[in-house]
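Read through the structure below, which is laid out as structure tokens, and then see the notes.
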Amino acid sequence: GQHTAVEEKLQAAEAALQNTKRDETTQDLNGRIATIRASLAIIQHDVATILLQARQALAHLHPNNLLFRSAAAYTLGVTYHLKGDRTAASQSFTEVLSLTESFEGSIYRIAAAINLGQIQAADNQLALAAKTFEHVLQVAGDPPQLIACEAFLSLAQVYYQWNDLDTALEYGQQCAQLTQQIESIDTFAAYGVFLAHLKLAQENVPGAVAALA
């Protein structure tokens, strides 16, 4: 969470590389720097910087550096998603899944799958989305990685659409338990809105008001 300190380290790395011989190693290191900058830009939703740094990263990273290439591809997917281009975003997230086949528990693999599932749900492919989210929960570990809270909430929203309110509530509560362990205001707020919808579907208006409050 020390984002300003990250940029200082990246600048120090660039300074150290200035007088080094240009070869595959230094080129790959420059690609890693660009990947981290693209990841930092996601926090600010800075689409222009993400695009610039992610493309630089993919141009410089060694073909065998699958971990960093998957990170760069993920940032591109986030950019396309922010711009509303769900087709391009899906392609990027699918590429991440391909690159991380040997990294089952990779945070980028899990995040890409969650984003892909959310696009599938937005396209009303609910059965496919549910399958994607269930796969996320299978690879997220036990106890699950904290990022799995997004998969729990997304599954809850799918079951809400299917009018299976008991199952929706169960997944929603699992999301809520995980959000207590991280400072994820967006997910906490999204869970509150989901819970309000659920309470309204159960004709529990006071419960919906309490969730929103």
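Add 5 to the 1-based position in the sequence shown for the numbering used here, that's all there is to it.
Glycine residues also receive a C-beta, built at the ideal position from the N, C-alpha and C atoms.
Treat the numbers as computed from the prediction; the structure is a model and nothing was measured.
Grouping DSSP H, G and I as helix and E and B as strand, with all else coil, what is residue 204?
helix
Just to confirm my understanding: we take residue 239, look at its own chain, exclude 5 residues before and 5 after, and list those with CB closer than 6 angstroms. What are they?
In the structure displayed, the chain extends from 6 to 218; residue 239 sits before or after that span and is not available.
For residue 132, which of 160, 145, 213 and 154 has the nearest alpha-carbon?
160
With 16 other CB atoms within 10 Å as the buried threshold, where does residue 110 fall?
exposed
Taking a contact to mean a Cβ-Cβ separation below 8 angstroms, would you say residue 269 touches residue 151 in this structure?
Here the chain has residues from 6 to 218 only, and residue 269 is not among them.
Start-to-end residues for the alpha helix (DSSP H) that takes in residue 8
8–22
Between the alpha carbons of residue 163 and residue 139, how many angstroms are there, rounded?
11 angstroms
So what's residue 70 in DSSP terms, helix, strand or just coil?
coil
Residue 53 to residue 106 span [Cα, whole Å]:
29 angstroms
Are the region 115–132 and the region 93–106 touching by the rule of at least three beta carbon pairs closer than 8 angstroms?
yes
Are there 16 or more other CB atoms within 10 angstroms of the CB of residue 134, so buried, or fewer, so exposed?
buried
DSSP on residue 42, reduced to helix/strand/coil?
helix
Just to confirm my understanding: we take residue 22, look at its own chain, exclude 5 residues before and 5 after, and list those with CB closer than 8 angstroms. What are they?
31, 34 and 35
Where residue 179 and residue 65 are concerned, what is the direct C-alpha to C-alpha distance, given to the nearest angstrom?
41 angstroms
Have a look at 205, 86 and 114 and flag the residue whose alpha-carbon is nearest the alpha-carbon of residue 72.
114
In or out: residue 2 buried (at least 16 other Cβ within 10 Å) or exposed?
This structure leaves residue 2 out entirely; the chain is present only between 6 and 218.
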